[in-house]
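Student: In the working numbering, the protein residues as written are 8 to 155. Take a look at the following structure, please.
So, in structure tokens, the structure goes:
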């Protein structure tokens, strides 16, 4: 499964949602939530998702890192929008996994922004890529209720 079409998002169940608290400095001169700030919202969603799975840096230095991020800005996002970030790992490979995130206006149900991230297993001590650990794979499978 790969998610390339925005319409495909409507059929996906997201198990992880986190409300976003906006700050005054998130807004640009036009009154929009700045695009770079929306990436920070996605980062916050990733951190909270990983906490939900008890996915931390291992004693031996194993972790996962972003290797590719793509973002589609679909609608203008404003300070008064009531925002949530929805996060899901939808594909696990040998050394990488794929995550989809949406920034959604809770009041309208509109998807404002879509982020697609490829993450790679990585050892912080050796500075080399690693295979996705079996325990990580099992945590994601259990949380997302699928077997890729």
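Ideal Cβ positions, reconstructed from N, Cα and C, are used throughout, including at glycine.
Taking 8 Å as the limit between beta carbons, can you name the residues of its chain near residue 138, skipping five residues before and five after?
Tutor: These residues qualify, in order along the chain: 101, 102, 128.
Student: I believe residue 119 touches residue 110 by the beta-carbon criterion, under 8 Å. Please report the beta-carbon distance rounded to the nearest angstrom.
Tutor: The Cβ separation is near 5 Å, so the contact holds.
Student: Looking at the unbroken alpha helix (DSSP H) that takes in residue 144, where does it start and where does it end?
Tutor: Its alpha helix (DSSP H) spans residues 141-151.
Student: Alpha carbon to alpha carbon, how far is residue 122 from residue 78? Give it in angstroms, no decimals.
Tutor: C-alpha separation (whole angstroms): 4 Å.
Student: Verify the CB distance criterion: does residue 109 have a CB-CB separation below 9 Å to chain B?
Tutor: The chain labelled as chain B is not found in the depicted structure, where only one protein chain is given.
Student: Taking a contact to mean a Cβ-Cβ separation below 9 Å, would you say residue 89 touches residue 114 in this structure?
Tutor: Result yes, Cβ atoms of residue 89 and residue 114 sit closer than 9 Å.
Student: Assuming residue 116 and residue 86 form a contact by the criterion Cβ under 8 Å, report the distance between their Cβ atoms to the nearest whole angstrom.
Tutor: Not really, about 19 Å apart at Cβ, beyond 8 Å.
Student: Under the three-state reduction of DSSP, which class applies to residue 38: helix, strand or coil?
Tutor: Residue 38: coil per DSSP, three-state reduction.
Student: Can you tell which of 63, 64, 48 has its C-alpha closest to the C-alpha of residue 33?
Tutor: Here the closest residue by C-alpha is 48.
Student: Return the CA-CA distance between residue 29 and residue 65, expressed in angstroms with no decimal places.
Tutor: Going from the Cα of residue 29 to the Cα of residue 65 covers about 32 Å.
Student: In angstroms, rounded to a whole number, what distance separates the CA positions of residue 156 and residue 108?
Tutor: The chain is shown from 8 up to 155; residue 156 falls before or after that span and cannot be answered.
Student: Roughly how many angstroms lie between the CA atoms of residue 59 and residue 133, to the nearest whole one?
Tutor: Cα to Cα, the separation comes out at about 27 Å.
Student: Residue 81: which of 112, 68, 54 sits nearest, CA to CA?
Tutor: Ranking 112, 68, 54 by Cα distance to residue 81 puts 112 first.
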